[in-house]
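Following my numbering, the numbering of the sequence shown begins with 16 at its first residue and continues without gaps.
Cβ atoms here follow ideal geometry from the backbone N, Cα and C, with glycine treated the same way.
Report on the following structure.
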Amino acid sequence: PFNDEEMNIDVDGAVKLIKRVKPKLALNGRSVFLFPSPIKEIAEAAHDVGAYLVYDAAHVLGLIAGKQFQDPLREGADVMSGSTHKTLPGPQGGMIVSNHKGDTKEDKSFLRKLGFGV
């Protein structure tokens, strides 16, 4: 859901949708970022139903690395993906990062699922 007046994600609508659908994975990805996304609120809703939140940073990866935009992993996203060729010189490439360390049973399970997905 999108709020046309605020030009950003409709937080209440997104939270209600996540709680109704109960997905295993929620994806936050846009090609136009006018404002930071409400990651904290969406992550909380996703985690409440046992879902992971993936943040597609393809268009803002350089801004995140340069600390000029929100840090989705610190705000609650489980995974951040991005395309390196839009930020770094060189051939097309991509990256997937997470702040899950693998030191708990849940983290090990999560990282195993992430590895299978790649």
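Straight-line measurement puts the Cα of residue 100 at about 25 Å from the Cα of residue 41. Proximity to residue 20 across 46, 31, 30, 50 peaks at 50, based on C-alpha coordinates.
Proximity to residue 52 across 124, 130, 29, 108 peaks at 29, based on C-alpha coordinates. CA-to-CA, the gap between residue 17 and residue 25 works out to about 5 Å. Of the residues 45, 32, 31, the one whose Cα lies closest to the Cα of residue 97 is 45.
With fewer than 16 other Cβ atoms from the protein chains shown falling within 10 Å of its own Cβ, residue 22 counts as exposed. Residue 41 is bridged by DSSP to 68. Residues 61, 64, 66 of the same chain have their beta carbon placed closer than 8 Å to that of residue 38, with the five preceding and five following residues left out of the count. Around the CB of residue 83, fewer than 16 other CB atoms lie within 10 Å, so the residue is classed as exposed. In this structure, residue 113 lies near residue 129, with their beta-carbon atoms less than 8 Å apart.
In the DSSP annotation of this structure, residue 94 is not part of any alpha helix (DSSP H); the continuous beta strand (DSSP E) holding it starts and ends at 94 to 98.
Here residue 43 has 52, 70 as same chain residues with Cβ atoms under 6 Å from its own Cβ, once five neighbours each way along the sequence are excluded.
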